[in-house]
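Working notes for the structure below.
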Ligand code: MIG
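This is the structure:
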């Protein structure tokens with residue numbers, strides 16, 4: 050085990066002897082052969098790299114999006130008596146000539162982040178290379194956010210974490226490390242934010258003022274000190290910049306945002322059909338059904354157990370008729386079996402990982418002894434992609450779920466490969482010490498890229514458990530093997546928010562808990578949280594009671610149905626939020642401090658979160674709760690269920706009936722609703738319903754729409770509609786602009802206008818229209834191309 054490194058001797062950069070300026074970057078040479086290279090990426094991003102012995106490693110990163118374009122290269126370098134001042138976009142770096150320590154100022158000249166000990170390193174006597182380290186001063190009142198799937202409260206201050214992808218069955222609050230490695234964090238002080246992305250795939254550590262009160266440090270057991278400094282001051286800006294740097298996903302198929310049902314495992318075929326039939330019979334909407342490992346023949350990937358599933362093609366087709374997409378699991382471990390074609394081919398072509406001295410990397414997983422493809426080799430990824438052909442093209446399986454890709458190995462203490470295993474690392478051969486944290490990401494990348502090629506007209510659907518920064522380009526993720534407890538409901542909320550602000554918004558937990566059995570009440574509350582999570586799937590380990598909505602009794606069926614119906618109603622809103630994630634890198638889930646960071650009351654709120662611009666929710670976290678307190682950010686809100694206006698900027702105590710997911714809508718919002726459907730595409734949309742919430746002031750909303758699959762949207766075949774709601778002294782104006790070129794199936798909007806004001810007259814583009822009032826809301830129809838509605 051390579052956990053505790055012995056502290057031997059720390060080296061620091063000495064004085065600067067020479068400065069070299071090049072296009073878009075500056076090299077600072079130190080007397081002891083250290084080089085600091087500062088590279089300008091955008092007006093808000095600079096990159097710092099340190100070489101300890103006069104040369105940099107070959108520049109290569111799996112995290113940075115190959116499509117990312119540097120947008121600004123200009124800088125000013127000013128020499129002063131004791132420092133260099135590097136001005137680049139909105140960032141100023143002050144570099145101390147003697148120590149090399151760096152301070153970052155924002156465009157107001159205020160210190161955002163500064164080196165404490167700064168860069169230093171130890172030689173790694175055992176493996177060679179350096180243990181590269183960085184320490185920063187903790188600013189007054191500084192909070193820290195980010196770091197992926199850490200199952201702790203949002204502020205990381207006072208804690209230490211490790212990044213080393215680990216299969217942590219039944220993890221708990223505080224368990225570290227977990228499955229995912231996102232070496233990105235946000236520092237937040239004086240209501241201003243900055244970000245740091247430490248792009249190093251070795252086992253790494255982050256200490257947020259834990260070991261020493263005044264220092265936050267991060268280090269890795271190899272590789273380079275290579276980090277990106279990201280300017281704010283908005284929390285949103287920091288996350289958007291980081292997410293664009295590491296990439297955003299393409300749009301998912303619309304059905305992927307529906308409800309999914311999973312268990313380890315549904316089999317045989319008759320059981321799968323029963324479960325699907327039951328959803329339709331009880332009219333609980335559902336879009337996808339999952340086949341976990343037991344559908345395979347002896348856990349051989351890309352095969353079927355013909356006894357359990359005699360005719361998979363027919364089953365998949367029949368389920369599709371009913372509106373169910375079938376998703377199957379594929380693991381990285383390939384059964385060591387000379388009769389098994391996938392194994393034979395990979396063996397012949399030398400696609401499996403090898404130990405340092407030559408033998409294959411052999412490990413036990415579900416199939417018994419396995420070899421593991423080296424997904425860090427382009428040729429292997431290409432091959433892996435083609436293996437899906439039969440299932441994807443011929444059988445029409447809709448998507449794939451890549452599990453165990455930390456990679457997980459049974460019966461060894463490390464739960465993974467030994468450190469000497471060799472990897473290609475895209476032509477930069479290395480050991481598992483360097484490739485471990487990106488192994489899973491490269492696996493799901495191979496899957497994703499394969500699917501893109503196999504069906505160029507279809508949007509791939511892929512799920513991964515292990516991730517490194519940038520994995521969001523290839524896949525959605527789930528949070529792994531959680532437990533059916535109230536505490537884990539809290540954990541799921543923390544993890545999904547944290548993942549979203551770490552660049553990966555397409556995320557969800559195993560609803561109800563994977564291990565152990567939830568009460569009906571816990572299951573309902575979990576469903577009511579996950580309605581607002583981009584990935585919404587019930588999953589359980591199946592070795593306890595069943596976890597389909599009907600297994601808890603009739604009350605639960607009704608409560609769960611109501612929640613899932615809400616999900617299907619707000620699908621166009623969710624889809625719009627996804628589009629803004631895809632386009633701008635904007636997180637879909639947002640902690641409250643992202644909504645109003647100037648309001649210090651939002652800084653420590655952790656349960657409440659926003660989905661997109663206009664929806665706020667919070668989970669109900671205890672049994673038999675009749676009410677809960679939550680904070681509403683400043684401004685006006687509406688309780689979705691009562692449609693009563695509520696003033697924000699304060700704590701509110703609200704009732705929490707068993708059948709209601711907490712939901713507040715921002716006043717001024719335009720929220721598109723679909724009719725309830727049992728699955729996406731079941732009904733053609735005849736009228737798009739717009740719920741419009743009156744406001745004092747002016748609020749913008751957007752609606753994105755396209756075909757819901759395929760890549761025509763990349764050629765401009767989509768709509769991105771802008772709405773403005775302007776309310777003033779009892780008069781409200783609603784404007785619509787930027788329609789786009791996508792032909793919708795509907796030609797009219799059904800408007801539901803929610804207002805506390807009396808309504809006398811409604812004009813659509815100057816013509817008066819009829820309306821009906823009911824329970825404080827007002828209903829009317831308009832042409833979908835209206836420009837302006839005036840309500841008096
Ligand atoms: O060792 O495929 O996290 O979702 O159901 C367990 C069986 C392997 C772990 C996954 C879980 C999945 C299970 N897998």
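Numbering (the working numbering), first residue to last: 50 to 841. Cβ atoms here follow ideal geometry from the backbone N, Cα and C, with glycine treated the same way.
Legend entry - Collapsed DSSP secondary structure at residue 630 in the structure displayed: By 1-based counting over the chain shown, the position of residue 630 is 581. Here residue 630 sits in helix by DSSP.
Legend entry - Buried versus exposed, by CB contacts within 10 Å (16 or more), residue 465: Translated into the one-based positions of the chain shown, residue 465 becomes position 416. Classification for residue 465: buried.
Inset, instruction - Report yes or no: do three or more beta-carbon pairs, one from the segment 759 to 766 and one from the segment 731 to 749, lie closer than 8 Å? - result: no
Inset, instruction - Please go through the same chain and pick out, in chain order, the residues whose beta-carbon is closer than 7 Å to the beta-carbon of residue 53, but skip the five residues on each side of it. - result: On the chain shown, position 4 is the one that residue 53 refers to. Annotation note: pLDDT 49 at residue 53 (below 50); position unreliable, coordinate value reported separately. Once the five neighbours on either side are set aside, residue 53 has no close Cβ partner at all.
Inset, instruction - Just the C-alpha distance for residue 51 and residue 659, rounded to the nearest angstrom, thanks. - result: Sequence index remark: in the chain shown, residue 51 carries index 2 (1-based). Sequence index remark: in the chain shown, residue 659 carries index 610 (1-based). At residue 51, the pLDDT of 48 sits below 50, so the modelled position is not reliable and the matter cannot be decided from this model.
Legend entry - Strand pairing of residue 182, partner residues [DSSP]: Taking the chain shown and counting its residues from 1, one reaches residue 182 at position 133. Residue 182 pairs with 169, 268.
Inset, instruction - Return the chain-ordered list of same chain residues with a C-beta closer than 6 Å to the C-beta of residue 698, the five sequence neighbours on each side being excluded. - result: Translated into the one-based positions of the chain shown, residue 698 becomes position 649. Taken in chain order, the residues that qualify are 683.
Inset, instruction - Measure the Cβ-Cβ separation of residue 832 and residue 797 and say whether it is below 8 Å. - result: The residue given as residue 832 occupies position 783 in the chain shown. The residue given as residue 797 occupies position 748 in the chain shown. Yes.
Inset, instruction - Examine the Cβ distances between the segment 208 to 227 and the segment 170 to 180 and report whether three or more of them are shorter than 8 Å. - result: No, they do not touch.
Legend entry - Bridge partners - residue 557, DSSP secondary structure assignment: As a position in the chain shown, residue 557 is number 508, starting the count at 1. 527.
Inset, instruction - Can you check DSSP and say which residues form a bridge with residue 582? - result: Locating residue 582 in the chain shown gives position 533, where the first residue counts as 1. Partner(s): none; residue 582 has no beta bridge.
Inset, instruction - Give the range of the alpha helix (DSSP H) segment to which residue 450 is assigned. - result: As a position in the chain shown, residue 450 is number 401, starting the count at 1. Careful: residue 450 lies outside any alpha helix (DSSP H), inside the beta strand (DSSP E) at 448 to 451.
Legend entry - Backbone secondary structure at residue 778 - three-state DSSP: Counting from 1 along the chain shown, the entry for residue 778 is found at position 729. In the structure shown, residue 778 sits in coil (DSSP, three-state: anything other than H, G, I, E or B).
Inset, instruction - Return yes when at least one heavy atom of the ligand MIG lies under 7 Å from the C-beta of residue 472, else no. - result: In the chain shown, the residue the question calls residue 472 occupies position 423. For residue 472, the Cβ stays outside the 7 Å cut-off from all heavy atoms of the ligand MIG.
Inset, instruction - Say yes only if the C-beta of residue 563 is nearer than 7 Å to one or more non-hydrogen atoms of the ligand MIG, and no if none qualify. - result: Taking the chain shown and counting its residues from 1, one reaches residue 563 at position 514. With a cutoff of 7 Å, residue 563 counts as near the ligand MIG, since its C-beta is closer than that to a heavy atom of the ligand.
Inset, instruction - Scan the segment 204 to 243 and note each continuous beta strand (DSSP E) run of 3 residues or more that stays entirely inside, going in chain order. - result: 208 to 212, 233 to 238
Legend entry - According to DSSP, residues forming a beta bridge with residue 740: As a working note, residue 740 is residue 691 in the chain shown. According to DSSP, which records beta bridges pairwise, residue 740 is partnered with 720, 801.
Inset, instruction - Consult DSSP for residue 713 and reduce its assignment to one of helix, strand or coil. - result: Taking the first residue of the chain shown as position 1, residue 713 is located at position 664. Strand.
Inset, instruction - Determine which residues share a DSSP beta bridge with residue 308 and list them. - result: By one-based count along the chain shown, residue 308 stands at place 259. Beta-bridge pairing by DSSP links residue 308 to 585.
Inset, instruction - Consider the C-beta atom of residue 213 and the heavy atoms of the ligand COA; say whether any pair is separated by less than 7 Å. - result: Questions concerning the ligand COA fall outside what the structure shown contains, since the ligands it does hold are the ligand MIG.
Legend entry - Extent of the continuous alpha helix (DSSP H) to which residue 322 belongs: Within the chain shown, residue 322 is the residue found at index 273, counting from 1. Residues 318 to 331.
Legend entry - Same chain, Cβ closer than 8 Å to residue 671, neighbours up to 5 away in sequence not counted: Indexing the chain shown from 1 puts residue 671 at position 622. Result list for residue 671: 535, in chain order.
Inset, instruction - May I ask you to list the residues that DSSP assigns as paired with residue 263? - result: One-based indexing of the chain shown puts residue 263 at position 214. For residue 263, which the question treats as bridged, DSSP gives no partner whatsoever.
Inset, instruction - Compute the Euclidean distance between the alpha carbons of residue 133 and residue 150, then round it to the nearest angstrom. - result: Counting from one through the chain shown, the residue named residue 133 turns up at place 84. Counting from one through the chain shown, the residue named residue 150 turns up at place 101. Straight-line measurement puts the Cα of residue 150 at about 11 Å from the Cα of residue 133.
Inset, instruction - Can you tell me which of the three DSSP states residue 649 falls into? - result: Locating residue 649 in the chain shown gives position 600, where the first residue counts as 1. In the structure shown, residue 649 sits in a helix (DSSP, three-state: H, G or I).
Legend entry - As assigned by DSSP and simplified to three states, the class of residue 434: Against the chain shown, residue 434 aligns to sequence position 385. Three-state result, residue 434: helix.
Legend entry - Any beta strand (DSSP E) of 3 or more consecutive residues that is wholly inside the segment 333 to 406: With a minimum length of 3 residues, the continuous beta strand (DSSP E) runs that stay inside the segment 333 to 406 are 337 to 340, 374 to 379.
Legend entry - Stretch pair the segment 238 to 255 + the segment 594 to 606: three plus CB contacts closer than 8 Å: no
Inset, instruction - Go through its chain and collect everything with a Cβ distance to residue 494's Cβ below 6 Å, but skip five positions before and after it. - result: In the chain shown, counting from the first residue as 1, residue 494 sits at position 445. Result list for residue 494: 523, in chain order.
Legend entry - residue 822 to residue 811 span [Cα, whole Å]: Here residue 822 refers to the residue found at position 773 when the chain shown is read from its first residue. Here residue 811 refers to the residue found at position 762 when the chain shown is read from its first residue. About 12 Å.
Inset, instruction - Run the proximity test for residue 304: is its beta-carbon closer than 7 Å to any non-hydrogen atom belonging to the ligand MIG? - result: To locate residue 304, count along the chain shown from 1; it is residue 255. No, the beta carbon of residue 304 sits no closer than 7 Å to any heavy atom of the ligand MIG.
Legend entry - Where residue 53 falls: helix, strand or coil (DSSP): Numbered from its first residue, the chain shown carries residue 53 at position 4. Residue confidence for residue 53 is low, a pLDDT of 49 falling below 50, so the modelled location carries little weight and cannot support an answer.
Legend entry - Exposure label - residue 653; buried when at least 16 CB within 10 Å: Numbered from 1 along the chain shown, position 604 holds the residue referred to as residue 653. Classification of residue 653: exposed, given that the 10 Å Cβ count is below 16.
Legend entry - With 16 other Cβ atoms within 10 Å as the buried cut-off, status of residue 836: Counting from one through the chain shown, the residue named residue 836 turns up at place 787. Under this definition residue 836 is an exposed residue.
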